[in-house]
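Working notes, structure below.
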Amino acid sequence: MKNPVIAVALSGGVDSLVSGYLLKLKYKHVFGVHFTTGYEKNPADLTLLEKQLGFPVTDIDLSKTFEKKIVQYFVQTYLEGKTPNPCIICNKEIKFGELLRYAQNMGADFLATGHYATIINPISFPDKKISHCYLEKGSDPIKDQSYFLSLLSGEQLEKIIFPLAGMAKEDVKRFAGSKHLEPIHPSESQDICFIHDNNFSRFILQNQGITPNHGNIVDHNGKIVGRHKGLHKFTIGQRRGIDCPAKEPYYVKQVDIKNNILRVCFKKNLARKQFKIDQINWNFPDSKIIPDIITKIRYSHKGALSTLTLNESCGEVVFNEPQNAITPGQAAVFYKGARVLGAGIIQ
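Mapping the sequence shown onto numbering that gives the first Met the number 0, position 29 (from 1) lands on 28, and the numbers just tick up by one.
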């Protein structure tokens, strides 16, 4: 494509601002899109972005879709005794779902964002003959965000550009300073953008208008060791908030919604070797058994060697060594070197 039209998603932070600047240097036709969720503390001043970047920025209200697909998913998953990952779902359904469709309707051929990850596609690598788009880690191992993008389909990856793929965060900050680019949101974005005080349990109760259901805390021997004030407060591997004295700290082993029981154990009893997954997004040649791959069970997890057995949209992962806090509701992401093979939701 000789002169593609590029839409760049602008949050107001330094990453998207630098992305927009780099795209303007490379492409003739660039415009900005900024979407609102309904949970912003203050409206973004888009005129400041337009002045710095030299192209128009359109505000898009996605609050209704965001509430339905992200907030309600988050709340319901917690109430089912699982731990959601709203950022992964937001990337799939909102940023590269609804926002991408809006951008395409406005004439864009591609949507760019300030993510730290690499997409292997024709526009990113025009000198190579690429027949299949796929995702790889970003160059900066500290900021790599491929985990959060792992549920994107090949069709979505075909339409996405990550200008910061080969840059480190410090490079981005220095570049912004050298070009006098000033983000309108100088601080880093928080983990859960719609919960400003980081109090998940209070948000869930207020959102649903429910009263917490108290119940028993039971150790790994089946002994009642205390009482909890609502299972929505807990996730697998959690230590804080259990408040049951013992010879060593307790950790959450299971959130038993059916029996309203919080099952706890000592840290040495927390690890396990295998788990099941579903809702698999697979972007690698078909195979029933895939050995010697790295599986990450949360963003902060370093990843561990494992074998994946696939059965259509479901599967089972067996680690070479037991791993702590394998948490239902979180994403398991599969890597071979830098390449993302696919991902699924832990059951």
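C-beta atoms are modelled at their ideal positions from N, C-alpha and C, and glycine is treated no differently.
Backbone secondary structure at residue i - three-state DSSP
i, result
"Thr57", "strand"
"Asn280", "strand"
"Pro290", "strand"
"Tyr20", "helix"
"Lys67", "helix"
"Ala175", "helix"
"Leu307", "strand"
"Phe124", "coil"
"Gln144", "coil"
"Phe95", "helix"
Extent of the continuous beta strand (DSSP E) to which residue i belongs
i, result
"Gln75", "Looking at the DSSP string, Gln75 is not in any beta strand (DSSP E); the run it does join, the alpha helix (DSSP H), is Gln71 to Leu78."
"Cys192", "From DSSP, Cys192 is part of no beta strand (DSSP E); its letter is neither H nor E."
"Glu320", "Cys313 to Gln322"
"Gln253", "Tyr249 to Asp255"
"Thr46", "Note, Thr46: premise wrong, no beta strand (DSSP E); alpha helix (DSSP H) at Leu45 to Leu52."
"Gly343", "Arg338 to Ile345"
"Ala116", "Ala116 to Ile119"
"Leu110", "Phe109 to Ala111"
Residues bridged to residue i [DSSP beta-bridge criterion]
i, result
"His227", "Gly214"
"His28", "Val4"
"Ile260", "Asp255"
"Tyr133", "Ile119"
"Tyr334", "Ile293 and Val339"
"Arg271", "Gln322"
"Phe34", "Ile59"
"Phe265", "Tyr249"
"Thr183", "In the sequence as presented, Thr is not what sits at residue 183; that position holds Ile. Bridge partners of Ile183: none, in fact."
Supposed contact pair residue j and residue i - C-beta distance, whole angstroms, cut 8 Å
i, j, result
"Gly328", "Lys81", "3 Å"
"Arg262", "Pro321", "Not quite, the Cβ-Cβ distance comes to about 18 Å (not below 8 Å), so this is no contact."
"Ile296", "Phe333", "About 11 Å; that fails the 8 Å criterion."
"Ala111", "Ile160", "4 Å"
"Phe174", "Val17", "6 Å"
"Asp218", "Gly113", "Between Gly113 and Asp218 the Cβ distance is about 46 Å, and since that is not below 8 Å, they are no contact."
"Tyr249", "Cys243", "6 Å"
"Lys23", "Leu47", "Not confirmed; about 16 Å, so no contact."
"Tyr101", "Ile59", "5 Å"
Same chain, Cβ closer than 8 Å to residue i, five either side skipped, listed in chain order
i, result
"Ala331", "Phe274, Ile276, Thr294, Lys295, Ile296, Val316, Ala342, Gly343, Ile344 and Ile345"
"Pro40", "This sequence places Lys at residue 40; Pro is not what is there. For Lys40, where only same-chain residues beyond five positions count, the Cβ hits under 8 Å are His195."
"Leu151", "Asn90, Lys91, Phe95, Leu134, Ile159 and Asn280"
"Pro55", "Phe30, Gly31 and Glu49"
Residues near residue i in its chain [Cβ-Cβ closer than 7 Å; skip 5 each side]
i, result
"Lys158", "Leu99, Phe109 and Leu110"
"Lys335", "Ile292"
"Ser138", "Ala164, Gly165, Met166 and Ala167"
"Lys232", "Ser200 and Gly240"
"Ala43", "Gly11, His33 and Ile183"
N-terminal and C-terminal residue of the alpha helix (DSSP H) that residue i is part of
i, result
"Val203", "Before going further, note that residue 203 is Ile rather than Val in the sequence given. From DSSP, the alpha helix (DSSP H) with Ile203 extends over Phe199 to Gln207."
"Leu98", "Leu98 to Asn104"
"Ile88", "Pro85 to Cys89"
"Glu154", "Gly153 to Leu156"
Neighbourhood of residue i by C-beta distance below 6 Å, restricted to the same chain and skipping five residues each side
i, result
"Tyr298", "Tyr146"
"Glu247", "Phe265"
"Thr57", "Val32"
"Asn197", "none"
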